[in-house]
Amino acid sequence: MAKKFYIILIILSISLTSCTFRKSVETELYEGKLLTIGIIGEIPTVREKNISFNKLNFVDLHDDLNSKYDAIFITKENLSKAADSEFLAVYKSSNIPFFFIQSTKGYIPFIEEGLSYEDASEFSDGSYITGLYYGKDIHWTFNLYNDIENSKNIEEVYSRVFTIISKIADSTYLQ
């Protein structure tokens with residue numbers, strides 16, 4: 000009888016252990032050079048101290064941003080406006096990447112003439128941040144760990160984005 004009890008206990012503990020998963024993951028901070036990022040929308044909470052965010056509006060996108068910023072972020076509540084056709088030339092001619100925070104439509108509405116954000120197809124890839132570097136014909140998707148939205152996972156995804164931005168700024172991306 001005791002033998003059956005121990006076997007059941009072992010099976011139960013293996014089953015329970017295999018059913019659990021971590022809700023977040025510990026990752027390295029971005030510790031590279033100071034990055035200056037223009038942002039349309041609210042400034043996110045990040046772990047890094049070497050990131051400088053400067054608030055922008057859509058009118059600012061028509062200025063020369065290449066010498067002022069390492070990248071531009073556009074937040075969820077501004078994605079519809081960001082997909083307006085008037086900004087396609089900005090994305091296409093820029094020498095810095097754009098990152099669309101919480102875009103459920105990928106990067107297509109930001110490069111396709113006449114396609115509104117609302118009319119674009121939904122992507123089910125679970126990405127939290129979509130990046131576009133049109134001049135180099137590169138795009139990225141950044142997912143949250145285990146697709147769980149919590150502060151640790153959001154901070155972690157920003158750290159990965161900062162690493163990519165730094166490599167682009169240093170011309171070491173894709174080398």
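Read in order, the letters of the sequence shown correspond to residues 0 to 174 in numbering that gives the first Met the number 0.
Virtual Cβ for every residue (Gly too), placed ideally from N, Cα, C.
Predicted, not measured: the structure shown is a model, and the values here were computed from it.
Residue i - partner residues in DSSP beta bridges
i    : result
I167 : Partner(s): none; I167 has no beta bridge.
Y132 : I137
L34  : I50
I39  : I73
N142 : S126
Of the residues the options, the one placed nearest residue i, counting alpha carbons only
i    : options                : result
I128 : A168, L87, K104, D59   : K104
Y68  : R159, F86, P96         : P96
I167 : F86, N142, D136, D63   : D136
E121 : G113, E111, Y132, I107 : I107
I50  : I147, A70, Y132        : A70
W139 : S123, F99, E111        : F99
K91  : E76, S102, I110        : I110
L60  : P43, E85, K75, I42     : E85
Y132 : S79, G31, F72, I42     : F72
E76  : F52, D63, E41, L64     : E41
N94  : L64, S102, A81         : L64
Exposure label - residue i; buried when at least 16 CB within 10 Å
i    : result
I39  : buried
A88  : exposed
E27  : exposed
G125 : exposed
L33  : exposed
S165 : buried
R37  : In the sequence as presented, Arg is not what sits at residue 37; that position holds Gly. Buried.
N56  : exposed
G130 : buried
V156 : buried
V45  : buried
S170 : exposed
I163 : buried
S179 : No answer is possible for residue 179: it lies beyond the span of the chain, which begins at 0 and ends at 174.
N145 : exposed
V58  : exposed
S102 : buried
Would you say the segment 109-120 touches the segment 147-157, given that touching needs at least three Cβ pairs under 8 Å?
no
Where in the segment 69-136 do unbroken runs of the alpha helix (DSSP H), each at least 4 residues long, occur, reported from the N-terminal end onward?
78-81, 87-92
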